[in-house]
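Single-structure report; data block below.
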Amino acid sequence: MPSFLILSSAFKREHYEKCFRDAGFIPYQFNKKLDFLHIDSDIGYKNKHLLEIPVRISNQNTTDTRKFFTNKRLMHKTISDCCPKIYKKHVPEHWDFDLNDHGKLKHLFDGKKMYIIKPALGTMSEQTTVVKTYSQLVKDIHTNDNIRNVGNKIRKVYNYEKFVLSEYNSNPLLLDGFTGVYRLSVISFKGRHFVIKKVGLIYRPLEKFSTSDLHPIKHLTGYAPIVDGKILPRNEKMELEKTIIEKFGKKKLDAILKQMYNILGTILRNYETTCKDKSENCYTIWSVDFGITKDYIVKLYELNASSPDIVYGGMVKGKDYFKYFFETLYDCVLAPEYKLKPKYKKSYVEI
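For the sequence shown, the residue numbers in this note's numbering are 620 to 970.
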């Protein structure tokens, strides 16, 4: 009978033990061989002795994956190199800059387009700001405590000072006046990629969209954004497929998902995962954020090697997202490895 070990800073017992037991797996005992290891952060790799445990399958969530995607500057380069057609149509234009060379961006600002400033390395939404004029950019990077603090953090921890200025979706598809970030979660395993259908989410800001008021409360969609040092109430999360059907109809949903799946499938087929443990047999969880224009054109915002909606046992309208994650994991990773019969074909779609 396959055994499992969960090393986790986030999972709670009730979110995973029943799923594994019901599927015929048993908790790992240290005097037995380990067949399956799930790691939701780098903690397993920091504890070097864990690398000596014979592992059959693990979650690949390491700096090797994050190197090319969580680092936004390298994400743009990776995608533009591998997939130029996708990049041109579906990735917002971007420019690198630091605190000393922002003058090269002055020509971009005509008062019409909006831009978003983010640290090149993944941090959190509290370091993000939206600008419409060059004077606003200069003011923000020199007076905004969040921007300056993350700059200091990058210099201290990563010895890296780059930021990314990206063209902002100033003409978004609105949900009752609100903009939104559309998130899909994906499992990749041995060159195959599966979208977890029931985990699609829309993150909505706290206030309605505006092109004149650039306060972060109208634009940021982080789980619990921090603005001016204060934690704001958590943004509303909505079910992606259900919400789009209700607001715009099934045909629009199909057209949107077709674009998302094409973007993801093209990029991930050109990215080779390197396992960082002795098993050489790992899967990756991707959390992918999109925007949508009012003309229903999908834009890729971020591609992250983790999924907070899953690893923190996210509940949306009473639904346990770890359960949906496990159903896809079972069919697409565990079943082929252990020669088991798939059980949950309605829970995912291969791209």
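Note that CB positions come from ideal geometry on N, CA and C, so glycine has one too.
Excluding the 5 residues flanking residue i on each side, which residues of the same chain have their C-beta closer than 7 angstroms to its C-beta?
i, result
"K817", "Y943, S966"
"F728", "T752, Y753"
"K866", "L794"
"M879", "L803, F909, V917"
"W714", "L724, L784"
"K708", "none"
"L948", "I806"
"D759", "I736, T748, V750, I766"
Output needed for residue i: all residues of its chain with C-beta closer than 6 angstroms, excluding positions within five of it in sequence on either side, in chain order.
i, result
"V800", "Y822, T840, D908"
"E712", "E786"
"C701", "N889"
"K723", "none"
"V952", "F808, Y902"
"D950", "P961, Y963"
"W905", "V805"
"G796", "K827"
"H695", "H713"
"M743", "Note that M743 scores 49 on pLDDT, short of 50, meaning its location in the model is unreliable; the coordinates nonetheless yield the value given after this. Once the five neighbours on either side are set aside, M743 has no close Cβ partner at all."
"P703", "none"
Return yes when the Cβ of residue j is within less than 9 angstroms of the Cβ of residue i, no when it is not.
i, j, result
"Y734", "L784", "yes"
"Y915", "K964", "no"
"P824", "H812", "no"
"I882", "L919", "yes"
"L718", "F782", "yes"
"I863", "I875", "yes"
"S831", "I815", "no"
"K691", "E921", "yes"
"P791", "I911", "yes"
"F716", "F945", "no"
Taking all protein chains shown into account, decide if residue i is buried (16 or more other Cβ within 10 angstroms of its Cβ) or exposed.
i, result
"K665", "Low per-residue confidence applies at K665: pLDDT is 47, beneath 50, and the placement is therefore not dependable, though the value from the model is reported in the following sentence. K665 comes out exposed."
"K731", "exposed"
"T697", "buried"
"I645", "exposed"
"K856", "buried"
"T903", "buried"
"N788", "buried"
"Y777", "Reliability fails at Y777, whose pLDDT of 41 lies under 50, so the model's placement of it is uncertain and the value that follows must be treated cautiously. Exposed, because fewer than 16 other Cβ atoms sit within 10 Å of the Cβ of Y777."
"K913", "exposed"
"H726", "exposed"
"T798", "buried"
Quick one: what's got a C-beta closer than 8 angstroms to residue i's C-beta in the same chain, skipping five residues either side?
i, result
"G884", "H812, I970"
"D641", "none"
"S829", "K837"
"L756", "H721, L724, F728, Y734, I736, V750, L784"
"S699", "Y706, V710"
"L820", "Y801, R802, K856, M857, E858, L859, D928, V935"
Using a Cβ cut-off of 9 angstroms (strictly closer), state whether residue i contacts chain C.
i, result
"K866", "Among the chains of the structure shown, chain C does not appear; only one protein chain is present."
Unbroken beta strand (DSSP E) runs of length 3 or more, entirely within the segment 853-903: which are they?
855-858
- [ ] Determine, using beta-carbon pairs with one atom in the segment 804-820 and one in the segment 950-961, whether at least three such pairs fall under 8 angstroms.
- [x] yes
Kindly provide the ranges of any beta strand (DSSP E) runs that are 3 or more residues long and lie completely inside the segment 789-848, ordered along the chain.
800-808, 811-815, 820-823
Report task. Please go through the segment 681-730 and give each complete beta strand (DSSP E) segment of 3 or more residues, from N-terminal end onward. Result -> 713-716
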